[in-house]
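Colleague: Dropping a structure here in structure tokens format, bear with me for questions.
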Amino acid sequence: MNLVPQVATAEISDAELDHVSGGQAGAGADFGLGVHAEAGALGVHIEAGDLGITAGVGASVSARGVLVDGHLHTTLY
Numbered sequence: 757m758n759l760v761p762q763v764a765t766a767e768i769s770d771a772e773l774d775h776v777s778g779g780q781a782g783a784g785a786d787f788g789l790g791v792h793a794e795a796g797a798l799g800v801h802i803e804a805g806d807l808g809i810t811a812g813v814g815a816s817v818s819a820r821g822v823l824v825d826g827h828l829h830t831t832l833y
């Protein structure tokens, strides 16, 4: 005898899933900002709608010289 509970499942289209889960909001409907800082480094991450931008810069000084690094990344969700 099988005592495992049975759950009925059904296929659901992407459009129906978007309706149930809230769907995709228009660009600019959601905004997020994160700033990360530590000694010799600074980073910023911004999200607006389906676009994410991450930028950072860092610098260090040693007996061998100065090292500076920068980057910029974009992501489309």
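With the working numbering applied, the sequence shown corresponds to residues 757 to 833, in that order. In this text, a Cβ means the ideal position worked out from N, Cα and C, and glycines have one as well.
Rounding to the nearest angstrom, what Cα-Cα distance links L823 and D786 in this structure?
Modeller: Along the sequence shown, read from residue 1 onward, the residue named residue 823 stands at position 67. Along the sequence shown, read from residue 1 onward, the residue named residue 786 stands at position 30. Computed Cα separation, rounded: 36 Å.
Colleague: From the DSSP output, read off the bridge partner residues of I802.
Modeller: The residue labelled residue 802 in the question sits at position 46 within the sequence shown. According to DSSP, I802 bridges with L789, I809.
Colleague: Select from L807, G812, R820 the residue whose C-alpha is nearest the C-alpha of T830.
Modeller: Along the sequence shown, read from residue 1 onward, the residue named residue 830 stands at position 74. Of the listed residues, the one whose Cα sits closest to T830 is L807.
Colleague: Near Y833, what residues of its chain come up, given a Cβ to Cβ distance below 6 Å and the 5 sequence neighbours on each side ignored?
Modeller: By one-based count along the sequence shown, residue 833 stands at place 77. Non-local C-beta neighbours of Y833 in its own chain, meaning closer than 6 Å and more than five positions away in sequence, comprise D806, ordered along the chain.
Colleague: Bridge partners for G814 per DSSP, in chain order?
Modeller: Here residue 814 corresponds to residue number 58 of the sequence shown, with the count starting at 1. Paired residues: A797, D825.
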